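In the numbering used here, each residue's number is its place in the sequence shown (first place is 1) plus 50. Just so it is clear, CB atoms sit at the ideal spot from N, CA and C, and this is done for glycine as well. Since the model is a prediction, treat every value here as computed from it, not as a measurement. Before any comments, here is the structure.
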Amino acid sequence: MAKVVNKSKTYILGMFPYPSGEGLHVGHVRIFTACDVMARYFRMKTGRDTVLSPMGWDAFGLPAENAAIKAKKIPQTMVPHNYANFKKQMQSLSLSFDWGHEFATTDPTYYAFTQWLFLKLYEKGLVYREKVPINWCPKCKTGIANEEVLSDGTHERCGTPTGKKLLPQWVMKITDYAERLLADLDTDISIYFGQSENSDNRIIRGSEGRKGLDWPKGILEMQRNWIGKGRGLSITFPVNEIEQKAIAWTKFWETVYGVTFIVIAPETAQKWMSEGWSAKEDVVSYVDNSLQKSEQQRLEEVGTKTGVDTGLTVTNPVNGARVPVWVADYVLANVGTGIVMGVPAHDERDFDFATKYNLSKIQVVEYDKAEINQRVANGEISFEGEGRLINSGEFSGLSAWGEGKEKMADWMIEQGYAKWETTYHLRDWVFSRQRYWGEPIPLVYCEKCGDENGVVPLTEDQLPLTLPELESYEPTDTGESPLSRVDSWVTTTCPKCGGIAKRETDTMPNWAGSCWYFLAYPWWSSTETEGIIKTYKAKSKFPITDFWKEIAKPAIDEWLPADWYLGGAEHAVLHLLYARFWVKVFQDLGLVDFSEPFLRLRSVGMVLAEDGKKMSKSLGNVINPDDMVKTYGSDATRMYEMFMGPWEQSIAWDSGAISGQVRFLERIKTTMQQEGKVGEKTSPLLVAKLKTLVERVEDGVLNQKFNTSIAGLMEFVNSWREEGQTLAKEHLGMFAKLLSLFAPKSAQELWATNSEGSVEDQAWPDVSKIEGIEALMVKIAVQVNGKMRGIVEVGSEKSKIESEVALIALADEKIKKWVVGEVKKTIFVPGKLLSLVI
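Take a look at the structure:
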């Protein structure tokens, strides 16, 4: 479905940092300098009031808590000190963020909203409590989400191998939104910018002809794979010895007559045991050992499959056969249902398992090659391929992948043995953390009036529920939060009946605050919001709801969705997925009017250490930007960050190369001071090059090809330095504007030689006003459905490029009003005509 977003304002957002004690490193600077360059460009292009480029701090979570424990400090004092240092570093780099919108996720006023939003999800039925096998980090002593476990089975925060632990958890039903999360990746969005008075009405879009969100293809694919949609049949195998049902999901139901055993995941066995199954001692031991392994370890050990016979049996519904139930760690709980039907004659993995444990094999598909049939029938090999059903009751003789498969599905569904089910790799989001430094979950337990979990939510006028300051907040070995030890905080009053209640002692994950922070910037005031909320509390029982309706939502409507989101690709299935989920829920709740928070996503390449390795404190190879600024200056540091290579590619840092930027900035000064280099009229050569430069810098900024923009600046200066080349004062000012995106201090010095005020407050250069530029412009006629609707002027180089002409034509108010609906066809004559067919 195509969506059109009409915007007169531009919201440029960099992924806000976790304020570590080490401060900013040069990788951070690469992201934030890019944000600053783009913000400076758009402020010049459409006006300062039309651009929002804020900054804040993602300050809750394990890293801050672990660092504070190590330093023997409390995070309430250590974290603000850290982000104050970050801010100081950013300001030393002339990063022009809108500091009036600054906040930290640890500000109680901010996390009052986080808690309120949690309650909104709870009220909607998207939060539930369940005893589930969770990923457990033994070092951090807390549960973590699937998305926080790396491909090697380690915790993404500390690198420790993870295991499994069965604990009561608060879980979010992200799976309820799996289909929308998947489908909306392909939403086609046209983004119209620059409708303000100061604008040239230019349209800026994603890649021309692009289908879907304007995000890197790799990240879109990672999200698709993580959501992992599949359609098949869920077949129910009743367990004979206990009150359980083994429900196996499969895309290969045509082989169901060949099931000779069922395999359950250790997590499934653990769940059955928690529900009353008295398993044998060897089963209990096997399950316990399996759950100490990470999923990656279990996958790597697939070649040496292990398992234990549970002593249970199930009945195959299609033929009444009783087959054994085994537990094996190669079956994962988060794949399908965590229960697999074993068909060793037609699945290699099942064949290996059956061979190892001497389980029977029944051929149910016959193939054209007699040799293959004989070996499958003898139990020598497994084989999967197109053939005819055998040993399959009334379906024998039919095509296994055609008529037989279809009829078997219809019959099983009609008999009640199976049902169609779409499954997803995505699992519900484990939201609890058994740590101290996180948002308290705003729920209490009341025996008198709690719900099925004994839970009563806090009322919004009781928010924020703040953390108590603790001298000792180390994690426990029991799986309980350190807050559970604070009786004076845990024991409270039920908000419903006024009786004695107990607080929930788990805290929220560090992702909670970052799930919605981009919604807060437009209305957040670092000096006023706290006071305004107090005013609302004094007059309303629903202060946050009223504030959201009257102040927050109008600002959100004005600025969101974010136009540009810049950051690292490592958040592909963490923050980016969680944020998309929350926004879709908020849309359903009427809190926002859009379904996708970030129209464009741009991922930065990693800045490696000078030795080409990943920067690490333990390796002692971290580059501190403070040292670069002190040695080379902030402008040269910024220039190098943007020039060192394609912005989206990883590259090793080279401190010595910054001197090249220092020399370039010096060349500008010395050239300007030379006699005859600045005059009343610009040389014809420089007139043409100046126009090209404006377009090149602009194109580089909009496409994050910052290195080509800077290369253009360098080439222009080289041309200016040639003998006989003069630049008029007016055009020197234009050059200063272009330079100011990357080197604001040097550009201001250049601007001040002939002009007053600040260069960053000036309008973007208008190439049409460059004397002599008329000869370099081409007029192109534009038709809509065969009728002449206007003429646009395009630079001679771009006049030959259809997409460039279309951008300018569709931004023209006289032409745009005739373009109603989808452009089905274009006819383009380079340099002469653009005809649009609607």
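Cβ-Cβ separation between Gly77 and Met665: approximately 7 Å, consistent with a contact (criterion under 8 Å).
Each of Gln413, Pro394 and Lys589 was checked against the Cα of Lys406, and the nearest Cα belongs to Pro394.
For the pair of segments examined, the stretch 502 to 514 was found to touch the stretch 158 to 174: the number of CB pairs separated by less than 8 Å reaches three. In the structure shown, Asp749 falls within a helical segment according to DSSP collapsed to helix, strand and coil.
Looking only at Tyr61, Ser58, Lys59 and Arg80, the smallest Cα-Cα distance to Pro67 is reached by Arg80. Per DSSP, the unbroken beta strand (DSSP E) holding Cys187 starts and ends at Val177 to Cys187. In the DSSP assignment, His621 is bridged to no other residue.
The Cβ atoms of Phe311 and Gly392 lie closer than 8 Å to each other. Restricting attention to Met784, Met722 and Ala118, the CA atom closest to the CA of His131 is found in Ala118. The three-state secondary structure of His151, taken from DSSP, is helix. Assignment of beta strand (DSSP E) within the stretch 398 to 426, counting only whole runs of 3 or more residues, yields no such run. Annotation: the continuous beta strand (DSSP E) that includes Ser653 extends over Leu651 to Val654. Counting only runs of at least 3 residues, the stretch 535 to 593 fully encloses the following beta strand (DSSP E) elements, listed from N- to C-terminal order: 541 to 543 and 550 to 553. Assigned with DSSP and collapsed to three states, Glu600 falls in helix. DSSP places Ile62 in no alpha helix (DSSP H) but in the uninterrupted beta strand (DSSP E) bounded by Thr60 to Gly64. For the pair Ser442 and Glu453, the Cα-to-Cα distance works out to about 13 Å. The alpha-carbon of Trp566 is positioned some 38 Å away from that of Leu763.
Measuring C-alpha to C-alpha distances from Arg207 to each of Leu235, Gly655, Asn196 and Lys215 identifies Asn196 as the nearest. Note that the C-beta distance between Ile224 and Trp561 is not below 8 Å.
Here Gly437 carries a coil assignment [DSSP, helix/strand/coil]. Contact between Gly840 and Lys867 does not hold, since the beta-carbon distance rounds to 10 Å and is not under 8 Å. Ser449 is bridged by DSSP to Arg438. The beta carbons of Asn423 and Glu416 sit about 6 Å from each other, so the pair counts as a contact at 8 Å.
Between Thr300 and Ile285 a beta carbon distance of about 7 Å is seen, short of the 8 Å cut, so the two are scored as contacting. Glu745 is a Cβ neighbour of Gly845, given a cutoff of 8 Å. For Val313, there is no enclosing alpha helix (DSSP H); the residue is found in the beta strand (DSSP E) stretching over Phe311 to Ile314. Membership of Ile297 in the beta strand (DSSP E) is indicated by the continuous run Lys295 to Thr300. The alpha-carbon of Thr541 is positioned some 26 Å away from that of Ala588. Using a 10 angstroms sphere on the CB of Ser538, the tally of other CB atoms stays under 16, which defines it as exposed. Under the three-state reduction of DSSP, Glu471 is assigned to strand. Closest by C-alpha distance to His625, out of Glu198, Thr127 and Arg90, is Glu198. When only Cα atoms are considered, Asp86 and Ser146 end up about 6 Å apart. Counting along the chain, the unbroken beta strand (DSSP E) around Ile389 starts and ends at Ile389 to Gly392. Every alpha helix (DSSP H) of 4 residues or more that sits fully in the stretch 57 to 140 is shown, in chain order, as 76 to 96 and 112 to 121. Assigned with DSSP and collapsed to three states, Ala761 falls in helix. Taken through DSSP and simplified to helix, strand or coil, Phe287 comes out as strand.
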